[in-house]
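Counting in my numbering, the sequence shown runs from 1134 upward without gaps. Beneath this line is the structure, given in structure tokens, with notes to follow.
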Amino acid sequence: MIQGGTLVTDSESTRADLLVRDGKIAAIRSQLPNTTTIIDARGKLVMPGGIDSHVHLQHPIDRLSIETADDFHTGTVAAACGGVTSIVDFALQRHGETLREAVSRRLKDANGKPVIDYGFHIIVTDVRDDVLEEIPALIEEGFPSYKIYMTYADKVVRDDALLRLLEVTAANDGLA
1134 MIQGGTLVTD
1144 SESTRADLLV
1154 RDGKIAAIRS
1164 QLPNTTTIID
1174 ARGKLVMPGG
1184 IDSHVHLQHP
1194 IDRLSIETAD
1204 DFHTGTVAAA
1214 CGGVTSIVDF
1224 ALQRHGETLR
1234 EAVSRRLKDA
1244 NGKPVIDYGF
1254 HIIVTDVRDD
1264 VLEEIPALIE
1274 EGFPSYKIYM
1284 TYADKVVRDD
1294 ALLRLLEVTA
1304 ANDGLA
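Quick look at the structure:
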């Protein structure tokens, strides 16, 4: 139980106790009965963790021949220290690669390293019929967000391909 803190929600701030059971909020109210584990939150704010929806961890920047400094462990530890409990990184599709290959590569990069929740925006750079056919299943599997470059000559997507990608993504309740 988190006891005596100021609970901050999207609509109010109030002094309340928060009972957590099996990793989920089980009850919120004033003066809950004592439980075995009590966290004293008097004088502190109790609020949801932040979501950083644009991070670059262990991310190659090919045109500069460098990789970002933090990997999935150090970057998520830093995020957690700042109150961020979820991040969304990027899975960049290389030319000739399928979207699933891009996602698999990034899942392998992250494997076992993050200390918080994470997901990926899929960066689409090579729109082909087989790539478009992957999108419904990827959305169903939890990859609903797609990024398309309109800059960087080597990654830009032509207008006709962009339109097809937007249509497929929208038809499957994705976001691009």
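Glycine is no exception: its CB is placed at the ideal position from the N, C-alpha and C atoms. Because the structure is a prediction, the values reported are computed rather than measured.
Between the CA atoms of residue j and residue i - distance to the nearest angstrom
i	j	result
Ala1160	Leu1197	51 Å
Tyr1279	Arg1175	42 Å
Leu1190	Glu1266	28 Å
Asp1242	Gln1164	45 Å
Thr1302	Gln1136	44 Å
Asp1155	Phe1276	26 Å
Asp1173	Asp1143	23 Å
Glu1230	Ala1286	18 Å
Ala1224	Gly1245	17 Å
Ala1270	Thr1218	26 Å
Ile1268	Asn1305	8 Å
Thr1170	Ile1158	14 Å
Gly1215	Leu1178	14 Å
Gly1307	Arg1233	16 Å
Segment limits, alpha helix (DSSP H) that includes residue i
i	result
Leu1232	1232 to 1243
Thr1207	1205 to 1214
Asp1150	No alpha helix (DSSP H) contains Asp1150, which is instead part of the beta strand (DSSP E) from 1146 to 1154.
Thr1302	1292 to 1304
Nonlocal neighbours in the same chain, by C-beta distance under 6 Å from residue i, ignoring five residues either side
i	result
Met1180	Val1141
Ser1146	Thr1139
First and last residue of the uninterrupted beta strand (DSSP E) at residue i
i	result
Val1264	No beta strand (DSSP E) contains Val1264, which is instead part of the alpha helix (DSSP H) from 1262 to 1273.
Arg1227	Neither: Arg1227 is in no beta strand (DSSP E) and is coded neither H nor E.
Ala1159	1157 to 1162
Leu1190	Per DSSP, Leu1190 belongs to no beta strand (DSSP E) and is neither H nor E.
Phe1276	Taken as a continuous stretch (DSSP letters only), Phe1276 belongs to no beta strand (DSSP E), as it is neither H nor E.
Gly1307	That residue, Gly1307, is in no beta strand (DSSP E); it is neither H nor E in DSSP.
Leu1197	Careful: Leu1197 lies outside any beta strand (DSSP E) and carries neither H nor E.
Ile1249	No beta strand (DSSP E) contains Ile1249, which DSSP labels as neither H nor E.
Integer Cβ distance of residue i from residue j, believed to fall under 8 Å
i	j	result
Ile1281	Val1257	6 Å
His1192	Glu1200	7 Å
Residues of its chain near residue i, where Cβ-Cβ distance is below 7 Å and the 5 sequence neighbours each way are ignored
i	result
Val1289	Tyr1282, Met1283
Val1260	Val1290, Ala1294, Arg1297, Leu1298
Ala1212	Asp1185, Ile1220, Ile1249
Own chain partners of residue i with C-beta closer than 8 Å, once the 5 adjacent residues on each side are dropped
i	result
Val1221	Ile1184, Asp1185, Ser1186, His1187, Val1188, Tyr1251, Gly1252, Phe1253, His1254, Ser1278
Arg1162	Ala1149, Asp1150
Thr1209	Leu1190, Ile1220, Lys1246, Pro1247, Val1248, Ile1249, Tyr1251
Ala1235	Ala1224, Leu1225, Gln1226, Arg1227, Ile1255, Ile1256
heavy atom of the ligand MG below 8 Å from residue i C-beta
i	result
Ala1286	The ligand MG is not among the ligands present in this structure, which contains no ligands whatsoever.
Proximity test, Cβ basis, 9 Å: residue i and chain B
i	result
Val1289	Absence of chain B from the displayed structure is noted, only one protein chain being present.
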